[in-house]
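This report refers to the structure that appears directly beneath it.
2 protein chains.
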Amino acid sequence: MNKPWHAVTEQNPKGNALSEPFNTVVLRKPYLLFLGEETSPLKAKTAFGLRDWAPGSCTGQMRMPGGTVDLGLRELDPVAAYAAGARSLLIGVTPVGGRIPAHWSPILLQAVRAGLDLVSGLHTPLESVPGLARAAADAGVRLVDVRRPPDDLPRATGKRRSGKRAAMVGTDCALGKKYTALALARAMREQGIDADFRATGQTGIMIAGAGIAVDAVIADFIAGAAECISPDAAPGHWDLIEGQGSLFHPAYAGVTLGLLHGSQPDALILCHDPLRTHVVSWPDYPLPTLKEAERLYLQMARLTNPGVRLAGVSLNTSALDQAAAHEALAQAERELGVPAFDPMRTPLDRAVAALLD
Amino acid sequence: MNKPWHAVTEQNPKGNALSEPFNTVVLRKPYLLFLGEETSPLKAKTAFGLRDWAPGSCTGQMRMPGGTVDLGLRELDPVAAYAAGARSLLIGVTPVGGRIPAHWSPILLQAVRAGLDLVSGLHTPLESVPGLARAAADAGVRLVDVRRPPDDLPRATGKRRSGKRAAMVGTDCALGKKYTALALARAMREQGIDADFRATGQTGIMIAGAGIAVDAVIADFIAGAAECISPDAAPGHWDLIEGQGSLFHPAYAGVTLGLLHGSQPDALILCHDPLRTHVVSWPDYPLPTLKEAERLYLQMARLTNPGVRLAGVSLNTSALDQAAAHEALAQAERELGVPAFDPMRTPLDRAVAALLD
Numbered sequence: 001m002n003k004p005w006h007a008v009t010e011q012n013p014k015g016n017a018l019s020e021p022f023n024t025v026v027l028r029k030p031y032l033l034f035l036g037e038e039t040s041p042l043k044a045k046t047a048f049g050l051r052d053w054a055p056g057s058c059t060g061q062m063r064m065p066g067g068t069v070d071l072g073l074r075e076l077d078p079v080a081a082y083a084a085g086a087r088s089l090l091i092g093v094t095p096v097g098g099r100i101p102a103h104w105s106p107i108l109l110q111a112v113r114a115g116l117d118l119v120s121g122l123h124t125p126l127e128s129v130p131g132l133a134r135a136a137a138d139a140g141v142r143l144v145d146v147r148r149p150p151d152d153l154p155r156a157t158g159k160r161r162s163g164k165r166a167a168m169v170g171t172d173c174a175l176g177k178k179y180t181a182l183a184l185a186r187a188m189r190e191q192g193i194d195a196d197f198r199a200t201g202q203t204g205i206m207i208a209g210a211g212i213a214v215d216a217v218i219a220d221f222i223a224g225a226a227e228c229i230s231p232d233a234a235p236g237h238w239d240l241i242e243g244q245g246s247l248f249h250p251a252y253a254g255v256t257l258g259l260l261h262g263s264q265p266d267a268l269i270l271c272h273d274p275l276r277t278h279v280v281s282w283p284d285y286p287l288p289t290l291k292e293a294e295r296l297y298l299q300m301a302r303l304t305n306p307g308v309r310l311a312g313v314s315l316n317t318s319a320l321d322q323a324a325a326h327e328a329l330a331q332a333e334r335e336l337g338v339p340a341f342d343p344m345r346t347p348l349d350r351a352v353a354a355l356l357d
Numbered sequence: 358m359n360k361p362w363h364a365v366t367e368q369n370p371k372g373n374a375l376s377e378p379f380n381t382v383v384l385r386k387p388y389l390l391f392l393g394e395e396t397s398p399l400k401a402k403t404a405f406g407l408r409d410w411a412p413g414s415c416t417g418q419m420r421m422p423g424g425t426v427d428l429g430l431r432e433l434d435p436v437a438a439y440a441a442g443a444r445s446l447l448i449g450v451t452p453v454g455g456r457i458p459a460h461w462s463p464i465l466l467q468a469v470r471a472g473l474d475l476v477s478g479l480h481t482p483l484e485s486v487p488g489l490a491r492a493a494a495d496a497g498v499r500l501v502d503v504r505r506p507p508d509d510l511p512r513a514t515g516k517r518r519s520g521k522r523a524a525m526v527g528t529d530c531a532l533g534k535k536y537t538a539l540a541l542a543r544a545m546r547e548q549g550i551d552a553d554f555r556a557t558g559q560t561g562i563m564i565a566g567a568g569i570a571v572d573a574v575i576a577d578f579i580a581g582a583a584e585c586i587s588p589d590a591a592p593g594h595w596d597l598i599e600g601q602g603s604l605f606h607p608a609y610a611g612v613t614l615g616l617l618h619g620s621q622p623d624a625l626i627l628c629h630d631p632l633r634t635h636v637v638s639w640p641d642y643p644l645p646t647l648k649e650a651e652r653l654y655l656q657m658a659r660l661t662n663p664g665v666r667l668a669g670v671s672l673n674t675s676a677l678d679q680a681a682a683h684e685a686l687a688q689a690e691r692e693l694g695v696p697a698f699d700p701m702r703t704p705l706d707r708a709v710a711a712l713l714d
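Chains A and B, in that order, are what the protein sequence lines are. If you're matching positions, the first sequence starts at 1 in my numbering and goes up one per residue. If you're matching positions, the second sequence starts at 358 in my numbering and goes up one per residue.
Given below as structure tokens:
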């Protein structure tokens, strides 16, 4: 198996054995991005995310007849992709129902025989596709369902680890925690800071090439999985840890708390969507104010890192015009006293400076 | 399958379809308690717990040559036990390593052929015992590993449910949360109150005959499992919900929080061991004061039930003499302003009154 891959590794000047995750899903890069016969870019969010956040890990794209989604990468079949260096075919689209259509089987078999691992985040286990497990065994390649956690995860030790960690926390699910972590890791690396994005969900794992889908872990091991994801590191090394769920979510707060405790963050980045008033799909649950969220996250994070502090607030302002976005950011900054930014829209240098402070 | 069984059902005057758990593990009672060749009562805690807390559910005991542990129940072999009404053979001892010894196989096969379900909380999956799965299928009986959660658990809805709920919460693991819930359920029933013990761990499930081991559930479904365990009920009905872990535990707090949110408790009973200073096996983590614990549990429980209040404090005073126990209870009562009790040692009527208040 290849050595675990560092997130955004193509920009990583110095490999650091100390900070390699253990007991996580590890993918073999680079990827051939499979787009099926998809015609809607919305159904290809995974593929676009990989192209945007791990461009050095994308060897090419492969489409079936009728497919119109275009990542702007070269078209390769599995054999040509392998020859060009690819080591996995990654399913980058989500068909209706989230399942692998039966007519994809010949292409998946072809990829396996070409020597490529298969990487999927769909509901259908790859092993359940007829003939695939046998072909993979024959070819010596792996079928990787990225949502499936590694076996034998440890329980959390609670022991403090070396290196620095920032946890992305949110007032709700799905408001930009992953992109915030990716953007901060990229910005820190551009400044020459040794930093890794650490993935806790399936798209993040594909981008990073390693990680654990913490919401799919057995409950007793949530914090233990988080400890595996961001291991001991050099004193100046930063982990930017993707968040999951929210402490204010009636269904998922347990995942959020276990992840927070296992991450032992030195710093928090609070992520929020200024237009959102209630937990998505749970209309009985209003979102907290930024101040309430700051207070509760700091309070809970202190259990495993008493020195934790808030370092920034990340707003998803995609639905606001320039003036409204500016006002929302200014208001968040006044409310919390830390730099506010939109990772897709504004510079991150003040947030990076606050992290390092 | 039999209809789901009510906890402590032998004392339950009125069956109430409304309060039947759904999507939980359900066991067929009564049990033949299997004690193997055990000689140490400490290794037979499960069997003693069943005898003490579900006496009406224990048809008899079965020992192998050399076994000296005695529950004081009649000795029955599987055929005689079935004739006497037993519907499951329950493994009531924990052999070294927590595994099923190979030489138990003939007895397990005999039980299955006699028409008994097998119920186990050991690490070895019952299905992995050679020949057992086939024999069970032939006999039309079930192999039930109680730690294994039901498939297809739902995500939590967060919607308020009818009926009343009390959640046992603790400053740590393993300090009496299960016995507190059992004792309160028993005391309430003795007063004619419609009350059920709701099980969230393996011994509790065996006693109740239903429940879910919430620490073994996939992380996304912790709160959803808790909703299944204590469903809608009549307005005057009380669920006494077994707790797991602690919000102050660096490894398990996520389980505790998900369980708390899904339970939507109207009342909390705070469980504590006055001699314990640190989280067991995590010596870097001091326990909170009772007041700190009260504050955090109430704060977190308010998300799904804004009306939650503390109704009592349960102390495990087993290591204290009478005078010291009395003083510890008096001090806890002064500190929190609610009735303090030891469920194994003191009357519960003031705590029950406080719950109903």
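Each residue gets a CB set at the ideal place from its N, CA and C atoms; glycine is no exception.
query                                                                                                                                                                                                                           : result
Determine, for ARG512/B, whether the minimum Cβ-Cβ distance to residues of chain A falls below 8 Å.                                                                                                                             : yes
Would LYS648/B pass as an interface residue toward chain A - the criterion being a Cβ-Cβ separation below 8 Å?                                                                                                                  : no
CB ALA311/A to CB VAL338/A, shorter than 8 Å?                                                                                                                                                                                   : yes
Drop a sphere of 10 angstroms on the beta-carbon of GLU227/A, count the other beta-carbons inside from all chains shown, and report buried for 16 or more, exposed for fewer.                                                   : buried
When you compare each of LEU597/B, MET525/B, ALA570/B and ASP553/B to LEU655/B by their alpha carbons, which one comes out closest?                                                                                             : MET525/B
Beta-carbon within less than 8 Å of LEU116/A's beta-carbon, same chain only, minus the 5 sequence neighbours each way: which residues are those?                                                                                : LEU32, PRO78, ALA81, TYR82, ALA86, ARG87, SER88, LEU89 and VAL141
Could you check the C-alpha separation between ILE193/A and ALA181/A for me, to the nearest Å?                                                                                                                                  : 14 Å
Using 8 Å as the cut-off, can you tell me whether the segment 491-510 of chain B makes contact with the segment 418-433 of chain B, which would need three or more C-beta pairs spanning the two stretches below that distance? : no
Would you list, in chain order, the members of the segment 617-645 of chain B that have their beta-carbon closer than 7 Å to a beta-carbon of chain A?                                                                          : HIS618, TRP639, ASP641 and TYR642
Using CA coordinates, which residue listed in LEU384/B, PRO640/B, PHE379/B and ARG633/B is at the minimum distance from GLY533/B?                                                                                               : ARG633/B
How would you label LEU399/B, buried or exposed, when you count the other beta carbons within 10 angstroms and need 16 or more for buried?                                                                                      : exposed
Leaving out five residues before and five after PRO286/A in sequence, what residues of the same chain have Cβ atoms less than 6 Å from its Cβ?                                                                                  : HIS278
Since ILE218/A is in the alpha helix (DSSP H), which residue starts that stretch and which ends it?                                                                                                                             : Element bounds for ILE218/A: n/a, residue is neither H nor E.
Rounded to a whole number of angstroms, what is the C-alpha to C-alpha distance between TRP461/B and GLY393/B?                                                                                                                  : 8 Å
What residues of chain A sit near PHE786/B, judged by a beta carbon separation below 7 Å?                                                                                                                                       : An answer regarding residue 786/B cannot be provided, because it is not within the stretch 358 to 714 covered by chain B.
What whole-angstrom Cβ distance do ILE586/B and GLY568/B have, given they're in contact under 8 Å?                                                                                                                              : 6 Å
So is VAL426/B in contact with chain A if we call contact Cβ pairs under 8 Å?                                                                                                                                                   : no
At which residue ranges does the segment 592-657 of chain B contain complete beta strand (DSSP E) runs of 3 or more residues, listed in the order of the chain?                                                                 : 595-598, 624-629 and 639-643
With distances taken Cα to Cα, identify the nearest neighbour of TYR536/B among ILE626/B, SER603/B and ARG470/B.                                                                                                                : ILE626/B
Anyone know if the C-beta pair for VAL146/A and GLN202/A falls short of 8 Å?                                                                                                                                                    : yes
With DSSP collapsed to three states, give me the class of GLY97/A.                                                                                                                                                              : helix
With the cut-off set at 8 Å, would you say PHE48/A and LEU27/A are in Cβ contact?                                                                                                                                               : no
Straight-line CA distance for GLU484/B to TRP410/B?                                                                                                                                                                             : 28 Å
Beta carbon of ALA328/A, beta carbon of THR317/A: below 8 Å?                                                                                                                                                                    : yes
Please name the residue in ALA166/A, ARG189/A and GLY98/A whose C-alpha comes closest to that of GLY121/A.                                                                                                                      : GLY98/A
On the premise that PHE34/A lies in contact with ILE91/A, defined as a C-beta separation below 8 Å, what is that separation, rounded to the nearest angstrom?                                                                   : 5 Å
Listed from N- to C-terminal order along the chain, which residues in the segment 581-613 of chain B have their beta-carbon within a distance smaller than 7 Å of any beta-carbon of chain A?                                   : GLY581, PHE605, PRO607, ALA608, TYR609, ALA610, GLY611 and VAL612
Does the distance from the CB of ARG546/B to the CB of ILE598/B come in under 8 Å?                                                                                                                                              : no
Would you verify that the beta carbon of VAL217/A is, or is not, closer than 8 Å to some beta carbon of chain B?                                                                                                                : yes
By how many angstroms is the C-alpha of ALA234/A removed from the C-alpha of VAL352/A?                                                                                                                                          : 18 Å
Please say whether ALA225/A and LEU153/A have beta carbons closer to each other than 8 Å?                                                                                                                                       : yes
What separation, rounded to the nearest whole angstrom, lies between the Cα atoms of ASP529/B and PRO631/B?                                                                                                                     : 11 Å
VAL169/A CB to nearest chain B CB: under 8 Å?                                                                                                                                                                                   : no
Following the continuous beta strand (DSSP E) through ILE448/B, name the residue where it begins and the one where it ends.                                                                                                     : 445-448
Buried or exposed for GLN621/B, please, with buried defined as at least 16 other CB atoms from any protein chain shown within 10 angstroms of its CB.                                                                           : buried
Taking a contact to mean a Cβ-Cβ separation below 8 Å, would you say VAL469/B touches ALA492/B in this structure?                                                                                                               : yes
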